[in-house]
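The structure appears right after this line, and notes come after that.
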Amino acid sequence: MDWQADISHWLTADWVRYLLLPGIAALILSIIGWRKERARKNRTNPDAVPLLPWRDISFWASFAAILLLIAAGYSALTS
Numbered sequence: 001m002d003w004q005a006d007i008s009h010w011l012t013a014d015w016v017r018y019l020l021l022p023g024i025a026a027l028i029l030s031i032i033g034w035r036k037e038r039a040r041k042n043r044t045n046p047d048a049v050p051l052l053p054w055r056d057i058s059f060w061a062s063f064a065a066i067l068l069l070i071a072a073g074y075s076a077l078t079s
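Listed below in C-alpha cells is the structure:
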C-alpha cells in the first residue's frame, strides 16, 4: 500500500480544495471573531466602536463554516 499516493490523491480531490479548506478557514475566522467580540465586551468601554464588526463576521463565518463542512463531509462519503 502506497500511503503517499493515497495522500496526494486525497489532497487533489475537488471537495478538499473547494469545500474542506475554505470551511476550515471560515471556522478559524469565526473563532477569531468570537474572541475579538469577547475582548470588546470585557474592556473598560464596551460601547466604543471597533475597527471591524466582529460579531457579524463571527456569525457569517460560522454559518459558512457549517455549510461548507457539511458539504465536504457529504462529498467525502459519496466519493
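Under our numbering, the sequence shown has 34 at position 34, and the numbering climbs by one with no breaks. We put the beta carbon where it would ideally sit given N, CA and C, even for glycine.
Sequence-distant Cβ neighbours of residue 22 in its own chain, meaning closer than 7 Å and more than five residues away, are 68. Annotation for residue 22: the continuous alpha helix (DSSP H) segment containing it runs 21 to 42. When C-beta atoms of the segment 50 to 61 are compared with those of the segment 26 to 36, three or more pairs fall below 8 Å, so the two segments count as touching. 20 is the residue among 11, 20 and 10 whose C-alpha sits nearest the C-alpha of residue 70. A check of alpha carbon separations from residue 27 across 64, 79, 76 and 77 identifies 64 as the nearest. Here the alpha carbon of residue 61 sits roughly 37 Å from the alpha carbon of residue 2. Here residue 13 carries a coil assignment [DSSP, helix/strand/coil].
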